[in-house]
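K.L.:
Below you'll find the structure I mean.
Residue numbers (our numbering): 64 to 275.
Written out as structure tokens, the structure reads:
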């Protein structure tokens with residue numbers, strides 16, 4: 064080593080000469096020859112390409128999983144919002160129906176008040192006038208007003224006398240012998256039937272003609 068190289072080594076470590084020792088020793092302290100040192104395996108171009116492909120695939124999978132988590136979060140949020148809005152709509156509809164039912168009841172009760180008035184008038188008239196005819200007129204008027212009250216809320220009487228017997232709306236109580244052209248026709252009504260819209264409140268109790 065020349066003087067210039069010695070000076071450069073002195074400048075690096077305050078006069079200490081660095082030593083570059085590449086020797087290797089085993090656990091027993093014996094030196095391992097350079098040709099015995101383990102060497103890193105040389106990878107082929109195919110292995111490198113496969114590793115790169117695996118890395119790219121892993122990155123794509125992780126990106127897809129991250130996106131899926133985001134989509135699931137948005138779905139859960141939308142589901143919760145829909146359930147909340149549905150519950151609120153159901154509650155509003157319930158209150159609306161309850162209010163309508165209450166109003167319908169109120170209106171029906173209002174229509175019944177004149178019926179009660181007529182009954183009270185009939186009772187009062189019977190106390191001062193014992194005439195059966197006057198009492199009868201009062202009862203007839205009360206029945207008519209009550210029927211009008213029912214019709215005002217959509218209740219309709221079932222047609223009976225003179226129509227062909229219909230087991231869907233008529234209940235036969237007894238039969239009467241009639242001419243052939245009256246066979247199967249309602250000849251008398253014992254109790255009036257009523258329907259409400261498409262629903263039958265009760266059938267009419269009738270007498271049915273039967274040809275002899």
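Cβ coordinates follow ideal geometry from the N, Cα and C atoms, glycine included.
Please read these numbers as outputs of a predicted model, since none were measured by experiment.
1. Take residue 185 as the anchor and find which of 233, 223, 206 has the nearest alpha-carbon.
2. Which residue marks the beginning of the beta strand (DSSP E) containing residue 177, and which one marks its end?
3. Report buried or exposed for residue 256, applying the criterion of at least 16 other Cβ atoms within 10 angstroms of its Cβ.
4. Just how far apart, CA to CA, sit residue 145 and residue 138?
5. Determine, using beta-carbon pairs with one atom in the segment 265-273 and one in the segment 226-246, whether at least three such pairs fall under 8 Å.
6. Please list the segments of the alpha helix (DSSP H) lying wholly inside the segment 237-266, counting only runs of 4 or more residues, in order along the chain.
7. Determine the direct distance from the alpha carbon of residue 209 to that of residue 175, and round the result to whole angstroms.
8. Are the Cβ atoms of residue 224 and residue 249 separated by less than 8 Å?
9. Should residue 166 go down as buried or exposed, given a rule of 16 or more other Cβ atoms within 10 Å for buried?
10. What is the DSSP secondary structure of residue 212, counted as helix, strand or coil?
11. Any Cβ of chain D within less than 8 Å of the Cβ of residue 173?
12. Let me know the secondary structure DSSP gives residue 204 once reduced to three states.
13. Determine, using beta carbons only, whether residue 239 and residue 270 come nearer to each other than 8 Å.
14. Quick one: is residue 252 buried, meaning 16 or more other Cβ sit within 10 Å of its Cβ, or exposed?
P.N.:
Well, looking at it:
1. The candidate whose alpha carbon is nearest that of residue 185 is 206.
2. Looking at the DSSP string, residue 177 is not in any beta strand (DSSP E); the run it does join, the alpha helix (DSSP H), is 108-191.
3. Around the beta-carbon of residue 256, 16 or more other beta-carbon atoms lie within 10 Å, marking it buried.
4. One C-alpha to the other measures close to 10 Å.
5. They touch, by the three-pair rule.
6. Segments of the alpha helix (DSSP H) lying fully in the segment 237-266: there are none.
7. The straight-line gap from Cα to Cα measures roughly 7 Å.
8. The Cβ atoms of residue 224 and residue 249 lie closer than 8 Å to each other.
9. Result: exposed.
10. Residue state, collapsed to three classes: helix.
11. Note that chain D does not occur in the displayed structure, where there is just one protein chain.
12. The answer is helix: DSSP assigns residue 204 an H, G or I state.
13. Taking 8 Å as the Cβ cut-off, residue 239 and residue 270 qualify as a contacting pair.
14. Buried, by the Cβ-count rule.
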